[in-house]
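Please read the structure below before turning to the comments.
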Amino acid sequence: MKTQSCDATTELELGLCYDRAKAHLGMDEAMLLATRLLGMSFTEVITERGRLLSLADVEKLNSAVQRRLSGEPIAYITGKKMFRTLDLRVSPDVLIPRFETELLVDVVLEATPNGGRVLDLGTGSGAIAIALSKTKELQVVAVDNDERALQVCAENCRKHEANVELVCSNWFENVRGRFDTIVSNPPYVAADDPHLDEGDLRFEPHDALVGGPSGLEHLEEIIASASNFLNPDGWLVVEHGYDQQTSVKKLFVDRGFANIQQRRDYTDTPRVMWGQACGR
Ligand SMILES: C[S@@+](CC[C@H](N)C(=O)[O-])C[C@H]1O[C@@H](n2cnc3c(N)ncnc32)[C@H](O)[C@@H]1O
654 MKTQSCDATT
664 ELELGLCYDR
674 AKAHLGMDEA
684 MLLATRLLGM
694 SFTEVITERG
704 RLLSLADVEK
714 LNSAVQRRLS
724 GEPIAYITGK
734 KMFRTLDLRV
744 SPDVLIPRFE
754 TELLVDVVLE
764 ATPNGGRVLD
774 LGTGSGAIAI
784 ALSKTKELQV
794 VAVDNDERAL
804 QVCAENCRKH
814 EANVELVCSN
824 WFENVRGRFD
834 TIVSNPPYVA
844 ADDPHLDEGD
854 LRFEPHDALV
864 GGPSGLEHLE
874 EIIASASNFL
884 NPDGWLVVEH
894 GYDQQTSVKK
904 LFVDRGFANI
914 QQRRDYTDTP
924 RVMWGQACGR
């Protein structure tokens, strides 16, 4: 009886639970789950190995390990993802914001004057729109055609006290007025891309990833209409796929954009393109 209760207690020890998670997932992911799900710091997890967890917390961690082993992204398991300095809520209704998308924010901040009006097309969790509105004095409008994504975005706006106007729209359909900068990270994966059956992509919303048969269809639509919604000399900034640089540049040129510029991401892959609407 005594031994049994001693074992049961040991089972609840933080150190043991963390070690079990680490054995399955490795240190980085085990630590991410432990800190995120148990609300502890890295230091607490390492130094307070003897701390007794509640049964509910142990079960939470064990179930998270099982979900991760079945391939579910860490961000959906914890419901959280860092984007720049923002701790964003995410759910399977939104794309998990990517590290490379932070580049888009940098470019928009450089291109847009203080007080400028910015349109974020395909906002998802609101990562770009909220990062912009929290970093610079800008009037930000965020669009998505998915109501569930807009709900997640609204939650993130409240959490971060971000002043962003949300619009449910099929790209520009319900958008009014003109902007100094339009930014978009639209779906740009080709429908038959085998990567869709791999890793995190299997769990993310299909409509947030797939840009039509060639992958370029949404980019085409956005680049074709953007000038009608830009102020003279306003900027269009887009993210594109690793192999789409030439095609996207042609779309910018064909639609009369000037001063076209490009930036590579942290893996040296062409990722962001921006151009200026010709002043009219
Ligand atoms: C690649 S995700 C980007 C999400 C977010 N900007 C980010 O970087 O995390 C593309 C987003 O575009 C939205 N979207 C897809 N088709 C759309 C359309 N026709 N009109 C408006 N938004 C659309 C999707 O719902 C999704 O949230």
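The sequence shown begins at 654 in my numbering and counts up by one. Ideal Cβ placement from N, Cα and C applies to all residues, glycine included.
Sequence-distant partners of Ser-880 (beyond 5 residues in either direction) whose C-beta falls short of 6 Å from its own C-beta, in its chain, are Ala-930. Apart from sequence neighbours up to five positions away, the residues of its chain that approach Lys-713 with a beta-carbon distance below 7 Å are Leu-690, ordered along the chain. Taken atom to atom, the span from the alpha-carbon of Ile-781 to that of Val-820 is near 15 Å. The alpha helix (DSSP H) runs lying completely inside the segment 661 to 732 and spanning 4 residues or more are 667 to 678, 680 to 691, 695 to 700, 708 to 722, 727 to 731, given in chain order. Here the distance from the Cβ of Val-796 to the nearest heavy atom of ligand 1 is below 7 Å.
Assignment of Arg-801 by DSSP, reduced to helix, strand and coil, places it in the helix class.
Rounded to whole angstroms, Asn-884 and Gly-909 show a C-alpha spacing of 14 Å. In this structure, ligand 1 has a non-hydrogen atom nearer than 7 Å to the beta-carbon of Val-747.
For Asp-907, there is no enclosing beta strand (DSSP E); the enclosing alpha helix (DSSP H) has its first and last residue at 898 to 907. Taking the Cβ of Leu-714 as the reference point, every heavy atom of ligand 1 lies at 7 Å or farther away. Three or more Cβ pairs closer than 8 Å define a contact, and the segment 774 to 789 falls short of that threshold against the segment 708 to 722. Within the model, the alpha-carbon separation for Asp-710 versus Pro-858 is close to 29 Å.
Look at Asp-845 here: in three-state DSSP terms it is coil, with no helix or strand label.
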